[in-house]
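Numbering (the working numbering), first residue to last: 495 to 668. Worksheet: one structure, shown below.
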Amino acid sequence: MTQERSTIYLAGPDVFFQDDSGEIKKQLCHDAGFTPLFPLDNEIKGADPAPDIFQANIDMIDRCHIVMANITPFRGPSCDLGTAFEIGYARKAGKKVFCYSSDSRELKQRISEDFPHFLQDGMSIEDFGYIDNLMIGCSAPIDCIDDRDDKAALKAFQCALERAQSEQQSEYLS
């Protein structure tokens with residue numbers, strides 16, 4: 495009996511990067527025995543592509559077994575907003591979610607160090623000990639490589655991928 499290849503939806507801001515990180519992550523998924531689903535692989539046509547991009551990504555999440563989410567801070571102290579939505583959608587749909595980041599600092603520390611002006615408005619800063627908002631921190635295991643260089647997110651992705659692979663093997667054997 496052969497085991498079905500699980501599909502992994504690659505969530506994260508990688509679609510905005512002008513590098514080959516998405517292709518590298520897709521290859522790592524293949525090498526680990528998974529079929530990757532990457533948003534840039536969707537064919538989007540039309541004058542207003544936004545609704546089609548939204549639906550195509552939702553369809554990919556609906557088809558996948560696992561969502562692998564890059565929650566490295568993106569354009570601010572927290573993860574990409576689209577990625578946060580995809581994590582929530584996937585959790586509601588009963589998908590397994592694994593998160594990874596190249597910044598292991600707790601959210602409050604990151605805001606204090608990198609965005610101190612956020613502390614000047616008198617509002618409190620969430621302080622539950624997670625590396626992102628508690629809704630992200632409580633939703634899935636998070637693998638971190640605290641290096642904050644270009645390769646750290648890829649290393650953290652590999653750790654999360656190994657975790658997913660190990661979990662899948664455990665489920666297959668039981």
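Glycine included, C-beta positions come from ideal geometry on N, C-alpha and C.
Own chain residues within Cβ distance below 6 Å of residue i, not counting five before or after
{"i": "residue 631", "result": "624"}
{"i": "residue 573", "result": "565, 626"}
{"i": "residue 621", "result": "602"}
{"i": "residue 495", "result": "Confidence at residue 495 is low in this model, with a pLDDT of 41, below 50, so the placement of that residue should be treated as unreliable; the coordinate-derived value is given next. Same-chain partners within the cutoff: there are none."}
Residue of the options minimising C-alpha distance to residue i
{"i": "residue 588", "options": "569, 575, 566, 556", "result": "556"}
{"i": "residue 535", "options": "544, 545, 516", "result": "516"}
{"i": "residue 549", "options": "659, 610, 580, 528", "result": "580"}
{"i": "residue 648", "options": "562, 552, 531, 582", "result": "562"}
{"i": "residue 538", "options": "527, 531, 551, 528", "result": "551"}
{"i": "residue 507", "options": "604, 577, 582, 620", "result": "577"}
{"i": "residue 651", "options": "500, 504, 621", "result": "504"}
{"i": "residue 528", "options": "509, 510, 560", "result": "560"}
{"i": "residue 629", "options": "585, 645, 599, 615", "result": "585"}
{"i": "residue 553", "options": "665, 583, 513", "result": "583"}
{"i": "residue 511", "options": "544, 499, 568, 543", "result": "568"}
{"i": "residue 600", "options": "619, 519, 645", "result": "619"}
DSSP-derived helix/strand/coil call for residue i
{"i": "residue 514", "result": "coil"}
{"i": "residue 523", "result": "helix"}
{"i": "residue 496", "result": "Bear in mind that the predicted position of residue 496 carries a pLDDT of just 45, short of 50, making it unreliable; the figure below should be weighed with that in mind. Three-state DSSP puts residue 496 in coil, outside helix and strand."}
{"i": "residue 634", "result": "coil"}
{"i": "residue 538", "result": "coil"}
{"i": "residue 502", "result": "strand"}
{"i": "residue 605", "result": "helix"}
{"i": "residue 651", "result": "helix"}
{"i": "residue 508", "result": "helix"}
Continuous alpha helix (DSSP H) stretch holding residue i: start and end
{"i": "residue 595", "result": "Note, residue 595: premise wrong, no alpha helix (DSSP H); beta strand (DSSP E) at 590-595."}
{"i": "residue 583", "result": "575-586"}
{"i": "residue 546", "result": "543-557"}
{"i": "residue 629", "result": "628-631"}
Same chain, Cβ closer than 8 Å to residue i, neighbours up to 5 away in sequence not counted
{"i": "residue 661", "result": "590"}
{"i": "residue 609", "result": "570, 571"}
{"i": "residue 540", "result": "546"}
Run of the beta strand (DSSP E) containing residue i, from where it starts to where it stops
{"i": "residue 531", "result": "529-531"}
{"i": "residue 562", "result": "560-564"}
Same chain, Cβ closer than 7 Å to residue i, five either side skipped, listed in chain order
{"i": "residue 442", "result": "Residue 442 is absent from the model: the chain starts at 495 and stops at 668."}
{"i": "residue 514", "result": "none"}
- Can at least three beta-carbon pairs, one atom from the stretch 633-653 and one from the stretch 592-604, be found at a separation below 8 Å? yes
- Task: Flag this pair as touching only if the stretch 523-543 and the stretch 653-667 have three or more C-beta atom pairs under 8 Å; answer yes or no.
- Result: yes
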